[in-house]
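Here the sequence shown stands for residues 6 to 260, numbered as in the UniProt record's numbering. Note sheet for the following structure.
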Amino acid sequence: VVLSSTRAGVRTLTLNRPEKLNAANNDLILTLTRELQAAGADQDVRVVVIAAAGRGFCAGQDLSEVAQPGQTDFTAHLHATYNPLIRTIRTLEKPVVTAVQGVAAGAGASLALCGDVRLWAQSAAMVQVFSNIALIPDSGSTWFLPRLVGYHRAFELMALAEKVTAEEALRVGLCEHVYPDDTFAADVQAYAERLAKRPANALKLTKQALNAALSGTLDAALDEEARLQQLAGDHWEHAEGVAAFREKRPADFRR
Ligand code: LHQ
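Next comes the structure, spelled out in structure tokens:
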């Protein structure tokens, strides 16, 4: 259900249930979570890409595998599957790129949004589809979306389940770049390789600082910066960056 490959420090995890637009069943969610944890622990992996096979990115919960309405323990299901997945991505000590090449719906939209970098193909789209089946957005969408587009656009997208095109996504900040469909995989790999050449320890601490800052006060963020800056400054990467600057050469952070 999830394919894994590694090239030039980039681990690509590909959702692989294309006939169902990569709708998420337990197997897919738990396998992806395990693969992310393995990538986090692998010294050779500097960047993780979550990609998808076929014409959809992820259609959210596989609706053919949920129990009859009224008989599902949604709270337990979220705690056991989607919530650990989203937490794993947000706490992974490496950049996670979500490469969205088709429709990202429901929990699949949440997954698309929660990457550190979000790259979309021209034909990609996001739908906060939950209200179509009279559920509420989950898997982090209620946290991410209003921070990206503001409360009101988030509410409208959630209430009406309208498709957001790649053009709008780029304009409003739901993704960082949009690439042509036919070169998408190569463009994603090239972007991820650029990221893989950056200082891994500094990016790890940057992710940690940003995550803390997003849910804290300015005072707390200033304190956290001061704490984490020590960890960055004491690392060999900092010495290499400064030496490279003085010697007027590119820094080599890949050790
Ligand atoms: C699917 C699905 C799907 C199964 C397309 N399941 N087969 C968390 C906790 C617990 C429970 C509930 O949920 C959650 C969080 C959630 O994610 S709730 C939201 C669940 N997802 C949806 O409601 C999305 C349902 N799908 C759609 O609205 C459309 O399929 C989208 C907008 C994703 C794509 O539309 P199209 O491009 O027109 O494709 P399609 O509808 O023709 O789908 C292609 C095939 O994929 C089709 O199968 P078939 O055998 O007819 O070819 C669909 O049945 C299947 N599929 N989504 N979630």
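For each residue, glycine too, the CB sits at the ideal point set by N, CA and C.
Where the beta strand (DSSP E) containing residue i begins and where it ends
i: Ala130; result: 130-132
i: Thr17; result: 15-20
i: Leu8; result: 7-12
i: Val101; result: 101-105
i: residue 262; result: The requested residue 262 does not occur in the structure, where the chain is confined to residues 6 to 260.
i: Gly61; result: 61-63
i: Ala109; result: 108-110
i: Val50; result: Looking at the DSSP string, Val50 is not in any beta strand (DSSP E), and its letter there is neither H nor E.
i: Val183; result: 182-184
Beta-carbon proximity list for residue i, same chain, < 6 Å, skipping 5 on both sides
i: Val105; result: Phe62, Ala117, Trp125, Ala129
i: Tyr87; result: Ala112, Ser144
i: Glu173; result: none
i: Val108; result: Gly61, Ala130
i: Leu8; result: Thr19, Asn21
First and last residue of the uninterrupted alpha helix (DSSP H) at residue i
i: Ile34; result: 31-46
i: Thr237; result: Reading the sequence as shown, one finds Ala at residue 237 and not Thr. 223-238 is the extent of the alpha helix (DSSP H) around Ala237.
i: Arg158; result: 146-165
i: Lys202; result: No alpha helix (DSSP H) holds Lys202; DSSP gives it neither H nor E.
i: Ile94; result: 87-96
i: Val177; result: 171-177
i: Phe250; result: 241-251
Cα-Cα separation, residue i to residue j
i: Ala29; j: Gln66; result: 5 Å
i: Glu252; j: Ala58; result: 45 Å
i: Arg60; j: Ala171; result: 15 Å
i: Arg51; j: Gln194; result: 13 Å
i: Asp228; j: Asp239; result: 17 Å
i: Gln76; j: Leu97; result: 34 Å
i: Ala64; j: Gln73; result: 19 Å
i: Trp148; j: Pro100; result: 19 Å
i: Lys25; j: Leu233; result: 43 Å
i: Thr222; j: His182; result: 29 Å
i: Glu167; j: Leu175; result: 16 Å
i: Ala46; j: Ala197; result: 18 Å
i: Trp241; j: Leu200; result: 18 Å
i: Pro204; j: Arg260; result: 10 Å
Distance CB(residue i)-CB(residue j) smaller than 7 Å
i: residue 264; j: Thr80; result: The structure shown does not extend to residue 264, since the chain is modelled only from 6 to 260, so the question has no answer here.
i: Val132; j: Val102; result: no
i: Val53; j: Ala43; result: no
i: Ile91; j: Gly145; result: yes
i: Val71; j: Thr36; result: no
i: Ala159; j: Pro151; result: yes
i: Leu83; j: Ile55; result: no
i: Leu20; j: Asn27; result: yes
i: Ala218; j: Ala231; result: no
i: Thr11; j: Pro89; result: no
Cut-off 8 Å between Cβ atoms - residues of its own chain near residue i, not counting five sequence neighbours on either side
i: Val154; result: Leu162, Val177, Gly178, Leu179
i: Tyr184; result: Leu124, Trp125, Ala126, Gln127, Asp192, Val193
i: Leu165; result: Ser136
i: Asp186; result: Gln106, Ala126, Gln127, Ser128
i: Asp49; result: Thr11, Gly14
Contacts around residue i, its chain only, beta-carbon distance under 7 Å, and the 5 residues preceding and following it disregarded
i: Ala237; result: Asn206, Ala207, Leu210, His243
i: Glu245; result: Ala256, Asp257, Phe258
i: Asn216; result: Arg95
i: Gln213; result: Leu233
i: Val134; result: Gly65, Ala110, Gly111, Ala166
i: Val169; result: Ala130, Met131, Leu162, Leu179
Chain C contact for residue i (CB, 7 Å cutoff)
i: Pro23; result: Included in the structure is just one protein chain, with no chain C present.
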